[in-house]
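Note sheet for the following structure.
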Amino acid sequence: MQFKELIVQETNNICEQLSSYEDRHTSFKELFLTKDTINFGPIKLLDRASIAMRTVILFLTVLTIYFFSTLDYQSIDVLKGFTDTFVNFKTMLLNPYAQRFTLGEAFYNVVVTLGLAFLTTLIGGIVALLLGLLAAQNLAPKQVTNLIKGFVAIIRAVPTILWVLIFAVAAGLGSAAAIIGMSFHSISYLTKAYSESFEDLDRSVIEALMASGANWWQIVFQAVIPSSVTYLLSWTFLRFEINFANAVAMGAAAGAGGIGFDLFMAGGFYFDLREVGFITYLIIAIAIVLEVFSTNIKGKLQKSI
Amino acid sequence: MRDDIFTKRRNGNLVFFLALLILSVGSIIITEYDVIKGFTSITKAVIWGGSNFYPDAESLRILPEIFPKLQETVLMSIAATTVAAVLALVLSLAGSQTTRINRIFSIVSRGIASLFRNIPIVAWAMVLMISFSQSPLTGYLAIFFGSLGFLTRAFMETIDEVGNNSIEALQATGASYFHIIFQAVLPASMPQMISWLLYMIETNIRDATLVGVLTGTGIGFSFDLYYKRFDYHAASLVVLLIVITVIVIELVSNNVRRVIL
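Here the protein sequences come in this chain order: B and E. With the working numbering applied, the first sequence corresponds to residues 26 to 330, in that order. With the working numbering applied, the second sequence corresponds to residues 46 to 306, in that order.
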């Protein structure tokens with residue numbers, strides 16, 4: 026009884042709200058209460074999704090305006106800053122030139138950065154494979170998946186640079202701290218990606234194997250991993266691309282070496298924009314090569330399966 | 046036949062793992078990565094963290110100093126992402142296959158997106174620091190340019206996914222270009238775009254920390270300052286605050302996503 030009253034009351038509320046949009050208030054109300062199929066046209070203005078979207082946009086706009094109005098310009102000539110930046114940017118992109126190192130040395134440092142990214146991805150991939158299995162809802166009990174997912178969310182909340190700097194206290198600044206520190210985000214990212222790939226597996230396959238008496242490891246190695254290996258590899262390549270960008274940043278901010286450190290020295294120490302431009306082009310070239318490579322591999326893998 | 050498949054698969058696996066092994070050894074040599082040191086550092090870091098890296102009562106005194114910095118960083122990330130999203134919307138409309146005005150616009154905006162996406166954020170920070178020194182504008186612009194490339198690409202894909210059907214239907218009724226954009230394309234792709242925007246804000250708060258360490262602004266600078274003074278209790282408080290902020294923003298955006306998608 027109470028429930029029905031509540032519904033009637035709710036409907037009346039909605040209709041009252043609608044009346045501000047609709048002139049034919051009463052006719053709409055009758056329509057709403059008597060027929061099953063109604064034209065919901067005007068209600069769209071009020072549905073939850075569009076209200077939420079509008080609120081988000083409004084909120085972000087207000088915060089943006091607030092940021093600019095409270096910004097401490099610190100006696101910086103903004104207009105001059107922009108023109109300077111434009112000129113600098115032009116120098117950087119149109120006159121790239123390296124004078125402190127040869128092309129060979131630059132390539133060597135790019136390979137160092139690629140090596141950092143590779144080791145990070147490898148460690149991240151191995152740990153994430155295990156955690157991903159434990160975080161997949163069709164392979165592990167609910168408590169375990171929730172525990173792993175929470176753990177991974179906390180890892181992700183700490184910026185990579187802070188992980189690296191925290192590890193640098195124990196291991197010293199260098200490649201060891203950078204690789205271990207960067208692995209944390211790879212683990213968290215890949216665990217999420219892997220566990221979602223595992224969850225795509227049809228439940229009946231697992232049940233069939235369980236019925237035949239296969240143990241957990243057999244199910245994992247004979248069914249789960251073979252069927253999702255394409256996704257696993259393409260996610261891992263994607264992460265490798267991200268890790269390359271991260272390795273550049275860590276080279277600059279945490280002394281991990283490689284091309285990132287050269288970039289930091291060129292920009293922050295020598296203020297040599299032409300060298301910054303040269304290194305930027307090198308990094309862009311590698312990023313494009315990696316992207317093409319990973320698209321190709323993805324295509325090939327999809328063809329083979 | 047069956048034997049063949051199994052041998053082929055085994056050989057394939059063998060080649061794959063051999064390649065991984067060679068690449069790993071090569072990487073370990075070239076990066077001068079000390080494997081043993083790397084793994085023992087984890088236990089060392091845990092022991093050290095347990096005994097030093099936690100906020101104590103004394104470190105709470107820095108709260109009044111950090112809060113404005115944290116607020117500045119969060120607001121900066123939000124403002125940079127929002128403004129970048131507006132510009133990215135224009136670029137993606139000009140660049141998408143379905144809504145582009147002509148080929149040249151499309152190529153130009155795709156080129157801008159690709160260039161901005163691939164320039165490392167470190168390079169942006171370095172170039173901007175020369176003109177804007179340590180003001181929040183340096184971080185703002187570095188985050189802005191980085192997001193612009195990513196968001197343009199994401200928006201373009203969203204618009205392409207929405208598909209041609211409704212656009213063709215509207216074209217058949219004689220609707221103008223702007224009618225099509227505002228009545229069909231934007232309403233259909235808005236939820237996905239807002240989802241990308243929220244994702245970008247989360248990412249940017251973390252990236253803002255990196256830019257802060259590099260350029261000496263915002264919360265990244267606070268961390269760097271306490272870290273280099275060996276005031277690890279204070280530094281850990283900064284980390285804790287960042288973690289709380291990021292998780293809160295993630296929860297809020299997950300809830301928004303659940304409603305709009």
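All C-beta atoms in this analysis are idealised placements derived from N, C-alpha and C, irrespective of residue type, glycine included. None of these values were measured; they are calculated from a predicted model.
* Grouping DSSP H, G and I as helix and E and B as strand, with all else coil, what is residue 240 of chain B? -> Position 215 of the first sequence, counted from the first residue, corresponds to residue 240 of chain B. Of the three classes helix, strand and coil, the one that applies to residue 240 of chain B here is coil, per DSSP.
* **Min CB distance residue 168 of chain E to chain B below 8 Å** => For this step, residue 168 of chain E is matched to residue 123 along the second sequence. It does; some Cβ of chain B falls within 8 Å.
* **Among E/83, E/96, E/50, the one whose alpha carbon lies nearest that of residue 281 of chain E** => On the second sequence, residue 281 of chain E is found 236 positions in, with the first residue counted as 1. Checked all of E/83, E/96, E/50; the closest Cα to residue 281 of chain E is E/96.
* Whole-angstrom Cβ separation of residue 24 of chain E and residue 89 of chain B, contact assumed at under 8 Å? -> The first residue shown for chain E is 46 and the last is 306, placing residue 24 of chain E beyond what the model contains.
* To do: Whole angstroms is fine: what's the gap from residue 93 of chain E's alpha carbon to residue 254 of chain E's?
  => Working through the second sequence from its first residue, we reach residue 93 of chain E at position 48. Working through the second sequence from its first residue, we reach residue 254 of chain E at position 209. If you take the alpha carbons of residue 93 of chain E and residue 254 of chain E, they lie about 23 Å apart.
* Within 8 Å (strictly less), CB to CB, does residue 251 of chain E reach chain B? -> Within the second sequence, the letter at position 206 stands for residue 251 of chain E. So yes, residue 251 of chain E belongs to the interface.
* Supposed contact pair residue 273 of chain B and residue 292 of chain B - C-beta distance, whole angstroms, cut 8 Å -> For the purposes of this step, residue 292 of chain B is taken as the residue at position 267 of the first sequence. For the purposes of this step, residue 273 of chain B is taken as the residue at position 248 of the first sequence. Wrong, their Cβ atoms sit about 12 Å apart, outside the cutoff.
* What span of residues does the alpha helix (DSSP H) with residue 213 of chain E cover, start to end? -> Residue mapping note: residue 213 of chain E aligns to position 168 of the second sequence, counting from 1. 210 to 217 is the extent of the alpha helix (DSSP H) around residue 213 of chain E.
* Are the C-beta atoms of residue 78 of chain B and some chain E residue less than 8 Å apart? -> In the first sequence, the residue the question calls residue 78 of chain B occupies position 53. Judged by the 8 Å Cβ criterion, residue 78 of chain B is in contact with chain E.
* Asked: Hey, how far is the Cα of residue 199 of chain E from the Cα of residue 241 of chain E?
  -> Here residue 199 of chain E is taken as the residue at index 154 of the second sequence, counted from 1. Here residue 241 of chain E is taken as the residue at index 196 of the second sequence, counted from 1. Computed Cα separation, rounded: 7 Å.
* What are the residues of the segment 69 to 85 of chain E that lie near chain B, defined by any Cβ-Cβ distance shorter than 9 Å? -> 69, 71, 72, 73, 74, 75, 76, 77, 78, 79, 80, 82, 83, 84, 85
* Look up residue 72 of chain E in the DSSP assignment and say whether it is helix, strand or coil. => On the second sequence, residue 72 of chain E is found 27 positions in, with the first residue counted as 1. Reduced to three states, the DSSP call for residue 72 of chain E is helix.
* To do: Under 6 Å Cβ to Cβ from residue 169 of chain E, same chain only, skipping five residues before and after it: list those, please.
  => The count along the second sequence starts at 1 and reaches residue 169 of chain E at position 124. Here the set comprises 187, 190.
* Asked: Where do the ends of the alpha helix (DSSP H) carrying residue 127 of chain B lie?
  -> The residue labelled residue 127 of chain B in the question sits at position 102 within the first sequence. First-last for residue 127 of chain B: undefined, no H or E at that position.
* To do: Could you check the C-alpha separation between residue 109 of chain B and residue 85 of chain B for me, to the nearest Å?
  => Taking the first sequence and counting its residues from 1, the one referred to as residue 109 of chain B is at position 84. Taking the first sequence and counting its residues from 1, the one referred to as residue 85 of chain B is at position 60. When rounded, the distance between both Cα atoms is 29 Å.
* To do: With residue 236 of chain E as the anchor, note down where its alpha helix (DSSP H) starts and where it stops.
  => In the second sequence, the residue the question calls residue 236 of chain E occupies position 191. 231 to 260 is the extent of the alpha helix (DSSP H) around residue 236 of chain E.
* **alpha helix (DSSP H) segment containing residue 110 of chain B, residue limits** => For the purposes of this step, residue 110 of chain B is taken as residue 85 along the first sequence, with counting starting at 1. From DSSP, the alpha helix (DSSP H) with residue 110 of chain B extends over 103 to 119.
* Between which two residues does the alpha helix (DSSP H) carrying residue 286 of chain B extend? -> Here residue 286 of chain B refers to the residue found at position 261 of the first sequence. 284 to 289 is the extent of the alpha helix (DSSP H) around residue 286 of chain B.
* Asked: According to the neighbour-count rule (16 or more other Cβ atoms, all chains shown, within 10 Å of its Cβ), is residue 181 of chain E buried or exposed?
  -> Walking along the second sequence from the start, residue 181 of chain E turns up at place 136. Burial call: buried.
* Asked: Applying the criterion that 16 or more other CB atoms from any shown protein chain within 10 Å of the CB defines a buried residue, is residue 242 of chain B buried or exposed?
  -> Along the first sequence, read from residue 1 onward, the residue named residue 242 of chain B stands at position 217. Under this definition residue 242 of chain B is an exposed residue.
* To do: Closer than 7 Å by C-beta to residue 317 of chain B: which residues in its own chain qualify, once you throw out the five before and the five after it? Chain order, please.
  => In the first sequence, residue 317 of chain B corresponds to position 292, counting from 1. Closer than 7 Å at Cβ, skipping near neighbours: no residue.
* Asked: What residues of chain E sit near residue 73 of chain B, judged by a beta carbon separation below 8 Å?
  -> Numbered from 1 along the first sequence, position 48 holds the residue referred to as residue 73 of chain B. Under the 8 Å cutoff, chain E gives 304.
* To do: Closer than 7 Å, Cβ to Cβ, to anything on chain E: give me those residues from the segment 106 to 123 of chain B, in chain order.
  => 106, 109, 110, 113, 114, 117
* To do: Take residue 228 of chain B and list the residues in its own chain whose beta-carbon comes closer than 7 Å to its own, dropping the five residues that flank it on each side.
  => Numbered from 1 along the first sequence, position 203 holds the residue referred to as residue 228 of chain B. Within the same chain, residue 228 of chain B has close Cβ partners 163.
* Should residue 141 of chain B be flagged as near chain E, meaning a C-beta pair shorter than 8 Å? -> Taking the first sequence and counting its residues from 1, the one referred to as residue 141 of chain B is at position 116. Yes, contact with chain E.
* Short check: CB of residue 98 of chain E to CB of residue 148 of chain B, under 8 Å? -> Along the second sequence, read from residue 1 onward, the residue named residue 98 of chain E stands at position 53. Along the first sequence, read from residue 1 onward, the residue named residue 148 of chain B stands at position 123. It is not a contact, given that the beta carbons lie outside the stated cut-off.
* Between residue 220 of chain B and residue 161 of chain B, is the Cβ-Cβ spacing less than 8 Å? -> The residue you call residue 220 of chain B lines up with position 195 of the first sequence. The residue you call residue 161 of chain B lines up with position 136 of the first sequence. Closer than 8 Å, so yes.
* Asked: Helix, strand or coil: which one does DSSP assign to residue 279 of chain B?
  -> By one-based count along the first sequence, residue 279 of chain B stands at place 254. It is coil, neither helix nor strand.
* In chain E, what lies closer than 9 Å to residue 285 of chain B by C-beta? -> Residue numbering aside, residue 285 of chain B sits at position 260 when the first sequence is read from its first letter. Correct list: 165, 167.
* Are residue 183 of chain E and residue 262 of chain E closer than 8 Å when you measure CB to CB? -> The count along the second sequence starts at 1 and reaches residue 183 of chain E at position 138. The count along the second sequence starts at 1 and reaches residue 262 of chain E at position 217. Yes. Within cutoff.
* What's the C-alpha gap between residue 114 of chain E and residue 287 of chain E? -> As a position in the second sequence, residue 114 of chain E is number 69, starting the count at 1. As a position in the second sequence, residue 287 of chain E is number 242, starting the count at 1. Near 11 Å, if we compare the C-alpha coordinates of residue 287 of chain E and residue 114 of chain E.
* At a CB-CB cut-off below 7 Å, which residues of chain B make contact with residue 176 of chain E? -> Residue mapping note: residue 176 of chain E aligns to position 131 of the second sequence, counting from 1. Neighbours of residue 176 of chain E on chain B, chain order: 106, 109, 110, 113.
* To do: Using a Cβ cut-off of 8 Å (strictly closer), state whether residue 160 of chain B contacts chain E.
  => Working through the first sequence from its first residue, we reach residue 160 of chain B at position 135. No, no contact with chain E.
* Asked: Any idea if residue 112 of chain B is buried or exposed, counting beta-carbon neighbours within 10 angstroms, 16 or more meaning buried?
  -> Locating residue 112 of chain B in the first sequence gives position 87, where the first residue counts as 1. Exposed, by the Cβ-count rule.
* Throw me the rounded Cβ distance for the residue 72 of chain E and residue 140 of chain B pair, which I believe falls under 8 Å. => Position 27 of the second sequence, counted from the start, is the residue given in the question as residue 72 of chain E. Position 115 of the first sequence, counted from the start, is the residue given in the question as residue 140 of chain B. Their Cβ separation, rounded to whole angstroms, is 4 Å, which keeps residue 72 of chain E and residue 140 of chain B in contact under 8 Å.
* **chain E contact for residue 292 of chain B (CB, 8 Å cutoff)** => Here residue 292 of chain B refers to the residue found at position 267 when the first sequence is read from its first residue. Closer than 8 Å to some Cβ of chain E, the Cβ of residue 292 of chain B qualifies, so yes.
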